[in-house]
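Report on the following structure.
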Amino acid sequence: MDVDWSADLQAVALTLKLAFVVTLLLLAIGTPLAWWLAHTRSRWKAPLAALVALPLVLPPTVLGFYLLMLMGPHGLVGRATQALGIGLLPFSFSGLVIASMLYSMPFVVQPIQTAFEAIGARPLEAAATLRAGPWERFVHVALPLARRGVITAAVLGFAHTVGEFGVVLMIGGNIPGATRVISTQLYSHVEALEYPAAHRLAAVLLLFSFAVLLWVYRLSPKGALLASTAPDGVPRP
Amino acid sequence: MTLSLPRGLFALTLAALAFSARADEIQVAVAANFSAAAQKIAAQFEHDTGNTVKLSFGATGKFYAQITAGAPFDVLLAADQATPARLVAEGKAIPATLHTYAIGKLVLWSADPALVDAKGEILKSDKWKHLSVADAKLAPYGQAAKETLAQLKLTDAVQSRVVTAENIGQAWQFVQTGNAELGFVALGQVQPPDGSRVPGSMWLVPDNLYTPIRQDAVVIAASKSGAAATAFVDYLASDKARVVIKAYGYSW
Chain A
6 MDVDWSADLQ AVALTLKLAF VVTLLLLAIG TPLAWWLAHT RSRWKAPLAA
56 LVALPLVLPP TVLGFYLLML MGPHGLVGRA TQALGIGLLP FSFSGLVIAS
106 MLYSMPFVVQ PIQTAFEAIG ARPLEAAATL RAGPWERFVH VALPLARRGV
156 ITAAVLGFAH TVGEFGVVLM IGGNIPGATR VISTQLYSHV EALEYPAAHR
206 LAAVLLLFSF AVLLWVYRLS PKGALLASTA PDGVPRP
Chain B
6 MTLSLPRGLF ALTLAALAFS ARADEIQVAV AANFSAAAQK IAAQFEHDTG
56 NTVKLSFGAT GKFYAQITAG APFDVLLAAD QATPARLVAE GKAIPATLHT
106 YAIGKLVLWS ADPALVDAKG EILKSDKWKH LSVADAKLAP YGQAAKETLA
156 QLKLTDAVQS RVVTAENIGQ AWQFVQTGNA ELGFVALGQV QPPDGSRVPG
206 SMWLVPDNLY TPIRQDAVVI AASKSGAAAT AFVDYLASDK ARVVIKAYGY
256 SW
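One line per chain: the protein sequences are A and B, in this order. Oh and the first sequence: position 48 is 53 in this note's numbering, straight run, nothing missing. Oh and the second sequence: position 7 is 12 in this note's numbering, straight run, nothing missing.
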């Protein structure tokens, strides 16, 4: 069997690029969203929180199929992107980024939200009495106290995007260098009965994931990943 | 009346055999492209023989992996010839039952009723952005599409515009939702016999542009319902079944 390392390496590189872009964008969008969810008393809180959590429940291929319809030429999003001159999103890297952001959203928003909620009102009130404005309170008080939640969110968002499969399969089109990621490449190997190639790629994915998680646990040795969202330095009542 | 133990056992065995011969249940693994036709044929077979047929639909490669791992399938209706042949060579399928039950037909299709012309010239134009094709490594229809493009000397010209689907079902989905303007799909998908013809335009790819998509059936060696399984595989070659197979766009 001819060994095609270059295709596998290309898939690995693309997956890392996708996971980095998605994680950065999700942190940028997810942090304010988590802040809002943690503090709002709006009646929109519950519907929005439910919407964010939806990808946890929906089968990824179903999510992918709806995205395919929505972003297609007859879909709402598809007509908008065409009108804006962007063209259609399926089968493109941008399309994958948007789909992955939706799919990994709960893994980023929820840990940050939990961390913000755990801070409570007191540190922020104390900062306010010291005449810190809302922006200063957010940047200099809330964010540092919630940093473990943010790290957890980043790692989970990254890891979840690396392992994503169903959505990519549905809207990717498996184009080398644009939408062919590790999981779909691995799947193709398995389906084509190329077991040695599949084992090799699976081993790479496994080692990578283990290394990332190991690094995170080393970073925060105190507890389990998902439980590590309690803020540092805040005395428990 | 007293019945001796050996005699009683013999009678029981006979009764069990008679019962099992009359109403067997078989598990059939069916290649995704043949799903609709298989359901019709299985219903007829159940009606005609009294046996029960349980159908599973999926990718032929996946079925191969499952069968070699001991999955309880009695029959495989593959999308290709290579997989059943491989099972036979490995002693996991019964050689005498191996035969071609359907030959698939490839079409170039578009959801746009005005896009595809009668000769497939559209492939040479730049009026489209994406051509949906099933993975040639995984799907026989993908292989046929690849051969067709090679015969037309268009492989390089369309390369950057090809989107690869995992199977022929997904290739159909890409083009049916309009995300790909063009797609190579199976005739049976475009023209289901229930008359619900999907609006669009198509080019029936001439047979000489690709190797015939021969789909083979075989009985799995580990089957515990060998007789019923063999009966089902034979039934696929009956006139009654062939009417259905033809209606779904296959020849044999």
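Note that the Cβ used here is the ideal one computed from N, Cα and C, for glycine as well.
Which residues does DSSP pair with residue i in a beta bridge?
i: B:F62; result: B:V35
i: B:S256; result: B:I108
i: B:R219; result: B:I108
i: B:V168; result: B:S137
i: B:I225; result: B:A98
i: B:E30; result: B:T57
Taking C-alpha atoms, which residue in the options lies nearest to residue i?
i: B:G254; options: B:A64, B:F39, B:T216, B:A87; result: B:F39
i: A:P56; options: A:L42, A:W220, A:T66; result: Residue identity differs from the one stated: residue 56 of chain A is Leu in this sequence, not Pro. It is A:L42.
i: A:A58; options: A:F121, A:S109, A:F170; result: A:S109
i: A:A147; options: A:A39, A:D13, A:V172; result: A:A39
i: B:W177; options: B:A141, B:S137, B:P197, B:P145; result: B:S137
i: B:W133; options: B:A28, B:P145, B:W114; result: B:W114
i: B:Q148; options: B:N172, B:S256, B:H135, B:V35; result: B:N172
i: B:I3; options: B:D239, B:Q181, B:V163; result: Residue 3 of chain B lies beyond the range of chain B shown here (6 to 257); nothing can be said about it.
i: A:A276; options: B:Q196, B:Q194, B:P145, B:K124; result: The structure shown does not extend to residue 276 of chain A, since chain A is modelled only from 6 through 242, so no value can be given for it.
i: A:L19; options: A:F215, A:E169, A:L211; result: A:E169
i: B:S256; options: B:V238, B:A232, B:R219, B:D239; result: B:R219
i: B:V58; options: B:V249, B:D239, B:A234, B:I250; result: B:A234
i: B:E30; options: B:A70, B:F78, B:A74; result: B:F78
i: B:A83; options: B:I108, B:G75, B:A101, B:A74; result: B:I108
i: A:V113; options: A:W10, A:L219, A:A216, A:A164; result: A:A164
i: B:G205; options: B:V121, B:H104, B:A74, B:F237; result: B:V121
i: B:A252; options: B:P198, B:L241, B:H135, B:F237; result: B:P198
i: B:D53; options: B:A34, B:A28, B:F68, B:G66; result: B:A28
i: A:V14; options: A:I187, A:I176, A:W220, A:H204; result: First, the residue type needs correcting, since residue 14 of chain A is Leu and not Val in the sequence shown. Comparing Cα-Cα distances from A:L14 to each of A:I187, A:I176, A:W220, A:H204, the minimum goes to A:I187.
i: B:T182; options: A:V17, A:H79, A:L218; result: A:H79
i: B:G174; options: B:T160, B:K124, B:F189; result: B:F189
i: B:N184; options: B:A116, B:D239, B:V80; result: B:A116
i: A:P37; options: A:V17, A:R136, A:Q115, A:L61; result: A:Q115
i: B:A36; options: B:Q196, B:S230, B:G231, B:A191; result: B:A191
i: A:L268; options: A:P111, A:R205, A:P139, A:L206; result: In the structure displayed, chain A extends from 6 to 242; residue 268 of chain A sits before or after that span and is not available.
i: B:L111; options: B:I72, B:T153, B:G55, B:P89; result: B:T153
i: A:L161; options: A:L68, A:F215, A:L81, A:I176; result: A:F215
i: B:K158; options: B:K142, B:K129, B:I250, B:V80; result: B:K129
i: B:K124; options: B:A236, B:L209, B:P118; result: B:L209
i: A:R243; options: A:L81, A:Y200, A:R223; result: No information on residue 243 of chain A is available, as it lies outside the stretch 6 to 242 that chain A covers here.
For residue i, report the span of its alpha helix (DSSP H) as first-last.
i: B:F189; result: Run containing B:F189: none in the alpha helix (DSSP H); it sits in the beta strand (DSSP E), 187-191.
i: A:G154; result: 152-167
i: A:E199; result: Counting along the chain, A:E199 falls outside any alpha helix (DSSP H), and DSSP gives it neither H nor E.
i: A:T28; result: 10-44
i: B:G177; result: Residue 177 of chain B is actually Trp in this sequence, not Gly. That run of the alpha helix (DSSP H) goes 173-181.
i: B:A236; result: 231-240
Starting from residue i and walking both ways along the beta strand (DSSP E), at which residues does that stretch end?
i: B:S206; result: 206-209
i: B:F203; result: Position check: residue 203 of chain B holds Val in this sequence, whereas Phe was assumed. Run containing B:V203: none; DSSP gives neither H nor E here.
i: B:V80; result: 80-82
Report yes if the C-beta of residue i is less than 7 Å from at least one heavy atom of the ligand NAP; otherwise report no.
i: B:L113; result: You won't find the ligand NAP in this model; it holds no ligand whatsoever.
Legend entry - the stretch 45-53 of chain A in contact with the stretch 126-146 of chain A per 3-pair CB rule at 8 Å: no
Inset, instruction - Mind the definition here: the stretch 220-235 of chain B touches the stretch 88-97 of chain B only if three or more C-beta pairs lie below 8 Å; say whether that holds. - result: yes
Inset, instruction - Within the stretch 54-104 of chain A, note down every full alpha helix (DSSP H) run reaching 4 residues or more, in order along the chain. - result: 65-76, 81-88
Legend entry - Sufficient close CB pairs (3 or more, under 8 Å) joining the stretch 26-36 of chain A to the stretch 186-202 of chain A: no
Inset, instruction - Entirely within the stretch 89-166 of chain B and at least 3 residues each: give me those beta strand (DSSP E) ranges in chain order. - result: 98-109, 111-115, 136-139
Inset, instruction - Could you say if the stretch 51-64 of chain B and the stretch 202-219 of chain B meet the contact criterion of at least three C-beta pairs nearer than 8 Å? - result: no
Inset, instruction - May I have a chain-ordered list of the alpha helix (DSSP H) segments no shorter than 4 residues that lie completely inside the stretch 101-144 of chain A? - result: 127-134
Legend entry - Contiguous alpha helix (DSSP H) assignments of at least 4 residues, all confined to the stretch 168-197 of chain A: 171-176, 187-196
Inset, instruction - Mind the definition here: the stretch 158-175 of chain B touches the stretch 174-185 of chain A only if three or more C-beta pairs lie below 8 Å; say whether that holds. - result: yes
Inset, instruction - Check whether the stretch 62-78 of chain A touches the stretch 94-113 of chain A, counting contact only when three or more Cβ pairs, one atom from each stretch, lie closer than 8 Å. - result: yes
Inset, instruction - Flag this pair as touching only if the stretch 239-254 of chain B and the stretch 31-50 of chain B have three or more C-beta atom pairs under 8 Å; answer yes or no. - result: yes
Inset, instruction - Determine, using beta-carbon pairs with one atom in the stretch 146-162 of chain A and one in the stretch 113-122 of chain A, whether at least three such pairs fall under 8 Å. - result: yes
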